[in-house]
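Respectively, the protein sequence lines represent chains A and B. Each residue of the first sequence is one higher than the one before, starting from 1 at the first, in this note's numbering. Each residue of the second sequence is one higher than the one before, starting from 1001 at the first, in this note's numbering.
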Amino acid sequence: MKVATVNAGADLADPASQAWNGVTAEAVALAPVPLAAQPTEYIREAWANRAYGKTAEARVAAATDGKKLYVRVEWADDPAPNAEFQDAVGAVLGDGPLDTLGSAASPLALWYWENGRGALNLVSKGPGVVTKADASAVSGTGASGGGKWAVVISGPASASKGKLGVAVWNGSNEERAGLAAVSRNWLPLE
Amino acid sequence: MTANGTRQIAWVYDLNKCIGCQTCSVACKVLWTRDEGEKHEWWCSVNTMPGLGTPKGWEEMGGGIDPKTGKARPGHQPTRGEFGGGFDYNYYEVFYGGTAGKAHLEPQAPREGRWAMNWDEDQGAGEWPNSYFFYMPRICNHCTNPVCLEACPTGALAKRDDGLVLRDEDVCMGDRFCMEACPYKKIYFNYERHVAQHCIGCFPRVEAGVAPACVRQCPGRAVFVGFLDEEGTPVNNLVKKWKIALPLHAEAGTGPNVFYVPPLSPHRLNDDFSIDYQTPRIPPEYLESLFGPEVHTALATLSSEMEKVRGGGSSEMLKTLIAYKWQELLGPFTVDPADIVPTV
Chain A
1 MKVATVNAGA
11 DLADPASQAW
21 NGVTAEAVAL
31 APVPLAAQPT
41 EYIREAWANR
51 AYGKTAEARV
61 AAATDGKKLY
71 VRVEWADDPA
81 PNAEFQDAVG
91 AVLGDGPLDT
101 LGSAASPLAL
111 WYWENGRGAL
121 NLVSKGPGVV
131 TKADASAVSG
141 TGASGGGKWA
151 VVISGPASAS
161 KGKLGVAVWN
171 GSNEERAGLA
181 AVSRNWLPLE
Chain B
1001 MTANGTRQIA
1011 WVYDLNKCIG
1021 CQTCSVACKV
1031 LWTRDEGEKH
1041 EWWCSVNTMP
1051 GLGTPKGWEE
1061 MGGGIDPKTG
1071 KARPGHQPTR
1081 GEFGGGFDYN
1091 YYEVFYGGTA
1101 GKAHLEPQAP
1111 REGRWAMNWD
1121 EDQGAGEWPN
1131 SYFFYMPRIC
1141 NHCTNPVCLE
1151 ACPTGALAKR
1161 DDGLVLRDED
1171 VCMGDRFCME
1181 ACPYKKIYFN
1191 YERHVAQHCI
1201 GCFPRVEAGV
1211 APACVRQCPG
1221 RAVFVGFLDE
1231 EGTPVNNLVK
1241 KWKIALPLHA
1251 EAGTGPNVFY
1261 VPPLSPHRLN
1271 DDFSIDYQTP
1281 RIPPEYLESL
1291 FGPEVHTALA
1301 TLSSEMEKVR
1311 GGGSSEMLKT
1321 LIAYKWQELL
1331 GPFTVDPADI
1341 VPTV
């Protein structure tokens, strides 16, 4: 995926910004994180007969202003109400098993944004097996409307040369932790 | 003490002495859940049984271990509405609004579906004059097989060497599988801080030799604390030796470490208001649904000891339950909190 270089001063942090108009977005196919990989027996039992990772596709774009890498993700918003769980999205970066959101041996960076909670900088060692890292390194802004979510997550520009994956959590379906839809393949950033 | 050197702090609530005053609930509340997002959290709560309790209908929410498969059983995550409470009140309107006699204190929440920690107090069950109820305090059971711990993907929960099940809130991501897995539904969610929270067994007090607040503040001398396997102590005697203190919903398979002396029952009244000495007012099958088939033996043992004392005899069991010496309730945690010197 081409990381667009945008002039400093462009408001890439805003998903509705016109700065994104010239950045090509790619349709990315998503698939549920495998049930067998879920980290606890409880989760595997509770979700054995329940569909999750329901978001099938996202549109992903990436841009940098030289200081930060901005990842914009757009996907269809499930309108079903849920007062307990929120929609969320993550940019996954690094080198490791993407389908399981990393592993203990190959942890991945997870720039995570959740509606109502904001952005978290996480290290992901498996589905939902996350630890918190320096929160100030990652930020995010999201907006929903017209049946869609558009979220921009950003972090250090040094990630611009690596590989990108995305994960989406459908809060209406009580998706959280490892119960996500994740991109089927890495997107090499260039 | 177990073979691996660990111990288990356990509680025994005597339901024949609990008067439902909620002093334990308030002692816990003022100590631990007054920060942001904790308004609706009552780590210790007393409910009227039979009843829907807190969260509303918790006994039907699943969780625990499936006895057939030995695997974790899916459960429902109690919602904010099912816990209820945490209301704001119209204090300003009542006290300063010039509405004397018109405005009354009322929760600022929709009347429809309103629920709170002790919402169905004293409702109970049965038809007058044979209606019945009893009070049951509940805290985290600090289970021997804590399914909350197993369910957590981030490893936020741990069982300590003293048996308390504690959470590292810096590690908790608020995924709430623990709340689903807990068969007792005694884990709350802090919507402000996005972490789950539950009774911490007053571990900072316990570490300083002070009894948990729910125990020390009980005006009815209705609750004992101590190490389960420490022979000769009230907790050990009541649970292990005399077997009159029983776990709640042991069928959930988690090995709860809060035990209850089951409630004795008044006799039923016949239609002509004569006393039916053969039939207890609280249906034994209801008590069995809570405490298992052992409840019948426990109640028989209690009754027989009472008979013995009525006949002029002496009963160590009843002396223990009466708790002539208040400090005996506190187990090894007899330090007065007023004597603790703050270190920070």
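Ideal Cβ placement from N, Cα and C applies to all residues, glycine included. Remember, predicted model here, so these are calculated numbers, not experimental data.
Who are the neighbours of residue i on chain B, taking C-beta pairs under 8 Å?
i: A/Ile-43; result: Ala-1151, Pro-1153, Phe-1177
Find the nearest neighbour of residue i within the set the options, judged by alpha-carbon distance.
i: B/Gly-1075; options: A/Gly-96, A/Asn-21, A/Ala-48; result: A/Ala-48
i: A/Ala-4; options: A/Ala-46, A/Lys-68, A/Lys-148, A/Val-166; result: A/Lys-68
i: B/Gly-1220; options: B/Gly-1020, B/Tyr-1096, B/Trp-1032; result: B/Gly-1020
i: B/Thr-1297; options: B/Val-1309, B/Ala-1245, B/Arg-1310; result: B/Ala-1245
i: B/Trp-1042; options: B/Asn-1270, B/Lys-1241, B/Lys-1185; result: B/Lys-1185
i: B/Gly-1155; options: B/Asp-1162, B/Asp-1168, B/Gly-1163; result: B/Asp-1168
i: A/Ala-8; options: A/Tyr-70, A/Lys-163, A/Met-1; result: A/Tyr-70
i: A/Tyr-42; options: B/Ala-1300, B/Val-1261, B/Gly-1312, B/Cys-1152; result: B/Cys-1152
i: B/Asn-1270; options: B/Arg-1281, B/Pro-1262, B/Pro-1263, B/Thr-1099; result: B/Arg-1281
i: A/Ala-62; options: A/Pro-97, A/Ala-10, A/Met-1, A/Leu-98; result: A/Met-1
i: A/Lys-161; options: A/Thr-141, A/Gly-66, A/Val-123; result: A/Gly-66
i: A/Ala-180; options: A/Ala-56, A/Glu-45, A/Gly-22; result: A/Ala-56
i: B/Val-1171; options: A/Leu-122, A/Val-89, A/Ile-153; result: A/Leu-122
i: B/Gly-1201; options: B/Arg-1193, B/Leu-1031, B/Cys-1018; result: B/Leu-1031
i: A/Arg-59; options: A/Glu-190, A/Gly-94, A/Gly-90; result: A/Gly-90
CB-CB under 7 Å to residue i, same chain, minus the five flanking residues each way: which ones, in chain order?
i: A/Pro-191; result: Because residue 191 of chain A is not part of the residues shown, which for chain A are 1 to 190, the question remains open.
i: B/Gly-1085; result: His-1040, Ala-1116, Met-1117
i: A/Ala-104; result: Lys-125, Gly-126
i: B/Gly-1113; result: Gly-1081
i: A/Ala-143; result: Pro-15, Ala-16, Ala-150
Under the assumption that residue i contacts residue j (Cβ atoms under 8 Å), give the Cβ distance between them as a whole number of angstroms.
i: B/Ala-1213; j: B/Val-1225; result: So it is not a contact: roughly 11 Å between Cβ atoms.
i: B/Asp-1120; j: B/Gly-1174; result: That belief does not hold up - the Cβ atoms of B/Asp-1120 and B/Gly-1174 are roughly 29 Å apart, past 8 Å.
i: A/Val-166; j: A/Val-73; result: 5 Å
i: B/Tyr-1132; j: B/Ala-1125; result: 6 Å
i: B/Asp-1014; j: B/Ala-1222; result: 5 Å
i: B/Glu-1294; j: B/Lys-1243; result: 7 Å
i: B/Asp-1229; j: B/Asn-1236; result: 7 Å
i: B/Ile-1009; j: B/Val-1206; result: 7 Å
i: B/Leu-1287; j: B/Pro-1247; result: Their Cβ separation, rounded to whole angstroms, is 13 Å, which puts B/Leu-1287 and B/Pro-1247 out of contact at 8 Å.
i: A/Ala-119; j: A/Val-138; result: 5 Å
i: A/Thr-108; j: A/Trp-186; result: Before going on, a small fix: residue 108 of chain A reads as Leu here, not Thr. Going by Cβ atoms, the distance from A/Leu-108 to A/Trp-186 rounds to 10 Å, so no, they are not a contact pair.
Kindly list, in the order they appear in chain B, the residues whose Cβ is closer than 9 Å to that of residue i.
i: A/Thr-40; result: Ala-1072, Glu-1150, Ala-1151, Cys-1152, Pro-1153, Phe-1177, Ala-1181
i: A/Arg-117; result: Gly-1174, His-1194
What does DSSP give as the partner residue(s) for residue i in the beta ladder?
i: A/Lys-148; result: A/Ala-76, A/Gly-145
i: B/Asn-1190; result: B/Val-1195
i: A/Ser-124; result: A/Leu-108, A/Val-130
i: A/Leu-222; result: As displayed, chain A neither begins before 1 nor continues past 190, which places residue 222 of chain A out of reach and without an answer.
i: A/Trp-169; result: A/Ala-88
i: B/Asp-1276; result: B/Arg-1268
i: B/Ile-1009; result: B/Phe-1227
i: B/Ile-1065; result: B/Ala-1072
i: B/Pro-1014; result: The residue you asked about is not Pro; residue 1014 of chain B is Asp in the sequence shown. In DSSP, B/Asp-1014 forms a bridge with B/Val-1261.
i: B/Tyr-1132; result: B/Ala-1125
i: B/Ala-1158; result: B/Leu-1166
For residue i, which residues from the same chain have a beta carbon less than 8 Å from its beta carbon, with the 5 sequence-adjacent residues on both sides left out?
i: A/Ala-83; result: none
i: B/Asn-999; result: Any question about residue 999 of chain B goes unanswered here, given that chain B covers just 1001 to 1344.
i: B/Thr-1279; result: His-1267, Arg-1268
i: A/Ala-80; result: Ser-172, Asn-173
i: B/Leu-1149; result: Leu-1157, Ala-1158, Lys-1159, Val-1165, Cys-1178
i: B/Thr-1079; result: Pro-1055
i: B/Lys-1071; result: Ile-1065
i: A/Ala-196; result: Since the displayed chain A opens at 1 and closes at 190, residue 196 of chain A lies outside it and no answer follows.
i: A/Thr-24; result: Lys-2, Ala-4, Ala-61
Using C-beta distances below 6 Å, list every residue in its chain close to residue i, excluding the 5 sequence neighbours before and after it, in chain order.
i: B/Ile-1187; result: Cys-1178, Met-1179, Ala-1196, His-1198
i: A/Ser-183; result: Val-28, Leu-30, Gly-165, Val-166
i: B/Glu-1305; result: Ser-1315, Met-1317, Leu-1318
i: B/Ile-1275; result: His-1267
i: B/Cys-1345; result: Nothing can be reported for residue 1345 of chain B: it is not among the residues displayed for chain B, which extend from 1001 to 1344.
i: B/Pro-1234; result: Phe-1224, Thr-1320, Glu-1328
i: A/Asn-170; result: Lys-54, Thr-55, Asp-78
i: A/Ala-88; result: Glu-114, Trp-169
Residues of chain B with CB under 7 Å from residue i, in chain order?
i: A/Ala-46; result: Pro-1074, Glu-1180
i: A/Ala-129; result: It is Val, not Ala, that sits at residue 129 of chain A in the sequence shown. Those within 7 Å of A/Val-129 in chain B are Pro-1153, Thr-1154.
i: A/Glu-84; result: Gln-1077, Thr-1079
Closer than 8 Å by beta-carbon distance: list the chain A residues that pair up with residue i, in chain order.
i: B/Gln-1197; result: Neighbours of B/Gln-1197 on chain A: none; closest Cβ ~15 Å, over 8 Å.
i: B/Val-1147; result: Tyr-42
Who are the neighbours of residue i on chain A, taking C-beta pairs under 9 Å?
i: B/Val-1165; result: Those within 9 Å of B/Val-1165 in chain A number zero; the least Cβ separation is about 15 Å.
Could you tell me whether the Cβ of residue i comes closer than 8 Å to any Cβ of chain D?
i: A/Gly-178; result: Absent from the structure: chain D. Protein chains present are A and B.
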